[in-house]
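Numbering (the working numbering), first residue to last: 94 to 344. Ideal Cβ positions, reconstructed from N, Cα and C, are used throughout, including at glycine.
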């Protein structure tokens, strides 16, 4: 590693991709960095701040940054070790001492999404049948009135998402929306296509439909307790056998 923190040769190949500048971007909350230093003696990079679709610090309600506010140099230098949170930017800017005036406050929708993602990240429930997420989404959407009979009013739901999150935020966090490719944007509602949807889309939709992570997790827990299709058939067959035995015993 040279003086600028750039990896040379094969050194550091064993380090995580984010540490060596290969994940794309690293986001931090400068107020978290300062508080971490005061509380633990050193700042650290928060997993919750790296979650796709999260643009705000859930605790401080301010925008996350991935660049120095002074010189716009990325916090995660390409092919380089991330040092800025600990050593400051090479321009001299200390990331722990950024003026609040340099940051925009977050919208309520951004903070809600950040809190939602944080709780889900800490949630330990193992979702054995993730394709059932589509059923959760569809059921909740119909419950909220986004239905035409048994079909989902996708245009109406997208319009509601735009009103809630704002078009600028959706464009910022979702590439397909930014490029105007919304024809299959709600593939998360389809059991066949939901797996192709990025995690960002799942977080956007689940946060809007349920608002509170506890309500969403309750549905996840309910799904984990439901028998699979095969188990349902086995149970039904056993019930039929029991009924047949009962009939034989009373004849």
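Rounded Cβ spacing between residue 122 and residue 174 (contact assumed at less than 8 Å): Actually they do not touch by this definition, with Cβ atoms about 21 Å apart.
Simplified DSSP assignment, three categories, for residue 172: coil
Residue ranges of each alpha helix (DSSP H) within the region 238-268, 4 or longer: 247-258 and 260-266
DSSP beta-bridge partners of residue 306: DSSP output for residue 306 lists no bridge partner at all.
Straight-line Cα distance separating residue 274 from residue 287: 16 Å
Contact under 8 Å by Cβ, residue 182 with residue 189: no
Distance between beta carbons of residue 148 and residue 203, contact taken as under 8 Å: 5 Å
Cα-Cα separation, residue 239 to residue 231: 9 Å
Simplified DSSP state of residue 322, which is helix, strand or coil: With a pLDDT of 47 at residue 322, under the threshold of 50, the modelled position of this residue cannot be trusted, and the question is left open.
Beta-carbon contacts of residue 207 that lie in its chain and below 6 Å, excluding the five residues immediately before and after: 147, 149 and 151
N- and C-terminal bounds of the alpha helix (DSSP H) containing residue 212: 201-215
Nearest-angstrom Cβ-Cβ length linking residue 139 and residue 125, presumed shorter than 8 Å: 6 Å
Cβ shell of residue 157 (< 8 Å), same chain only, five flanking positions each side left out: 120, 121, 122, 142, 147, 148, 149 and 150
Candidates 118, 271, 264 and 226: closest to residue 167 by CA position: 118
Beta-carbon gap between residue 47 and residue 314 smaller than 8 Å: Absent from the model: residue 47. The displayed extent of the chain is 94 to 344, so no value can be given.
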